[in-house]
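In the working numbering, the protein residues as written are 270 to 565.
Each residue gets a CB set at the ideal place from its N, CA and C atoms; glycine is no exception.
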């Protein structure tokens, strides 16, 4: 094929392409018009409150927890409970060596009986001297001296009465009783140990139901909660029941099923961390939550 043939072929190709464009344009004109409608689903916007959850690390603490001490000193002779067991108010916990306190009661009673005998003799002497004084047999000064003797013996009797009472109380205190219901700690003192009055911690007793969850919040979070409380008109009453409920997530990630309530807040923010300590009361009917556990 020569050069003329090539030009003819090129012209033919150009003509064919132009025809294609023209046909395409005609097709659009023939099928044109208004665009098809697309179905759109409309939804109505609702205005409602959204619950915002806050999470804080915290620790569980007994609602009431007391250290038990003996009121007198002595060696522990008996122990009536097991560490970790449930305790009821008035249960005997320990018995201390009572021998010296029994002796003290006997001695105090002996002193009291002697003083009472001396008082009776002095009163008899006074009654006799009063008759002698009426008959002018003794001077008024002698009668006054007899009255002073009676007064002195009466004071001695009262002193020994107090000594007897104190000795009996000490003897009673050789048995240590539980001051409240709760659970005993495991760090209890064993039989044979020496207990110093008011110093040696014999055992700790704490309640578990309900139990406290203690945590801290920042100042901005406190103000956020406060604004909601003010909106409810309870700022003056400081009603903790209007505050958000508390849910616990234990250290293993399990959520505790029962809900707690905020019952107390510290009087002010901590100087070091600028945080406010909060206490929530959580039901613990089965004793699953223990003091010292961590939760969120």
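- For residue 472, DSSP records a beta bridge to 337.
- With a cutoff of 8 Å on beta-carbon distance, residue 329 and residue 481 are scored as near each other.
- Using a 10 angstroms sphere on the CB of residue 460, the tally of other CB atoms stays under 16, which defines it as exposed.
- Taking a cut-off of 8 Å on C-beta distances, the segment 335–350 touches the segment 458–475, as three or more cross pairs fall below it.
- Sequence-distant Cβ neighbours of residue 563 in its own chain, meaning closer than 6 Å and more than five residues away, are 328, 520.
- For residue 419, no beta strand (DSSP E) segment is defined; the enclosing uninterrupted segment is the alpha helix (DSSP H) at 409–441.
- In its chain, beyond the 5 residues on either side, 363, 364, 460 have a beta carbon closer than 8 Å to the beta carbon of residue 347.
- By DSSP's assignment, residue 365 forms a beta bridge with 345.
- Taking one beta carbon from each stretch, the segment 383–403 and the segment 351–359 have fewer than 3 pairs nearer than 8 Å; the two do not touch.
- In the DSSP assignment, no residue is bridged to residue 350.
- Counting of Cβ neighbours within 10 angstroms places residue 351 among the exposed residues, the total staying below 16.
- Per DSSP, residue 538 lies in no beta strand (DSSP E) segment and is marked neither H nor E.
- Straight-line measurement puts the Cα of residue 422 at about 6 Å from the Cα of residue 384.
- Within the DSSP secondary-structure output, residue 551 pairs in a beta bridge with 480.
- Leaving aside the five residues that flank residue 463 on each side, the residues in its chain whose CB is nearer than 6 Å to its CB run, in chain order, 344.
- Nearest Cα to residue 441 within the set 529, 373, 556: 373.
- When DSSP reads this structure, residue 545 sits in a beta bridge with 486.
- Contact annotation, residue 432 with residue 380: C-beta distance approximately 7 Å; criterion of less than 8 Å satisfied.
- Less than 8 Å separates the beta-carbon of residue 475 from that of residue 331.
- Distance between residue 493 and residue 517, taken at the CA atoms: about 21 Å.
- In this structure residue 457 is buried. Its beta-carbon is surrounded by 16 or more other beta-carbon atoms within 10 angstroms.
- Secondary structure of residue 383 (DSSP, three-state): helix.
- Residue 425 and residue 438 have their C-alpha atoms roughly 20 Å apart.
- Beta-bridge analysis with DSSP links residue 330 to 481.
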